[in-house]
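S.K.: Heads up: the sequence shown begins at 26 in our numbering, then just goes up one per residue.
We treat Cβ as the ideally placed atom computed from N, Cα and C, and that holds for glycine.
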Amino acid sequence: MVVSLAAQAATLVDTAPQNGIPTAAMQQVADVLTQVAQHLDHLQYTTLRYPDGGWLTVRVVEDPAAGDLSSEGSQPTTHLWIPAFGHLEDAHTTLAELKDRAPELETASFGVLELLFLALGLSRADGIVFYDQAGDRQQGKTVACRILTEQVNRSLRRWASPPPSMA
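#1: Pull up the distance between the alpha-carbon of L143 and that of A41, whole angstroms please.
#2: Comparing alpha-carbon positions, which option in I107, T167, S180, E129 lies nearest S148?
#3: Would A64 be called buried (16 or more neighbouring beta carbons within 10 Å of its own) or exposed?
#4: Which term fits G136, buried or exposed, when burial requires 16 or more other beta carbons within 10 angstroms of its beta carbon?
#5: Can you give me the Cβ contacts of A62 inside the same chain, cut-off strictly under 7 Å, excluding the 5 residues immediately before and after it?
#6: Residues in the same chain with beta-carbon distance under 8 Å from L181, minus the five sequence neighbours each way, listed in chain order, please.
#7: Have a look at G111 and S186 and give me their C-alpha separation to the nearest angstrom.
#8: Rounded to whole angstroms, what's the CA-CA distance from Y75 to D56? Just pull it up for me.
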């Protein structure tokens, strides 16, 4: 069952104390995640995971710009992204394509806010690429973990800082 953003946010806030997170702090986090999720097209996404909980990642290599003098001799930059599919059929197509190389992969579906929350703890991936259009596994919307974490930290600092005194 697909749950609204408001219901997903309420679940994050309600379960925060069980995870050692103050409810008010999680409300700030949920607000940031909701703002990000509003730019995505789906309330639920499917990822590909290994039985040990590891995520399938895709490697994207960016070559230095051709003709850019400042990048002469620069090495290509590699980024790892976790693909998240808005349409289950696309996840199953990808799973079938990878069957021979990674037979242990399986699908795992998440509410968009839960997936964004999990992104805050990712250390090996640069972020998540969300594939919103059915049948299009080339063009996606990216959410970088570092930028998402910075947004959450800014929100938490604003929330935690005392109001200016009226002296």
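M.R.: To lay it out plainly:
#1: Numbered from 1 along the sequence shown, position 118 holds the residue referred to as residue 143. Numbered from 1 along the sequence shown, position 16 holds the residue referred to as residue 41. Computed Cα separation, rounded: 13 Å.
#2: Here residue 148 is taken as the residue at index 123 of the sequence shown, counted from 1. It is I107.
#3: Position 39 of the sequence shown, counted from the start, is the residue given in the question as residue 64. What sits at residue 64 in the sequence shown is His, not Ala. Its Cβ having fewer than 16 others within 10 Å, H64 is exposed.
#4: As a working note, residue 136 is residue 111 in the sequence shown. G136 is buried by the Cβ-count criterion.
#5: Stepping through the sequence shown from its first residue, residue 62 is reached at position 37. Excluding positions up to five away in sequence, the list reads L30, V137, L138, L141.
#6: In the sequence shown, the residue the question calls residue 181 occupies position 156. Cβ within range, chain order: A50, Q53, V54.
#7: As a working mapping, residue 111 is identified with position 86 in the sequence shown. As a working mapping, residue 186 is identified with position 161 in the sequence shown. Taking the straight line from one Cα to the other gives about 38 Å.
#8: Position 50 of the sequence shown, counted from the start, is the residue given in the question as residue 75. Position 31 of the sequence shown, counted from the start, is the residue given in the question as residue 56. Y75 and D56: Cα-Cα distance of roughly 30 Å.
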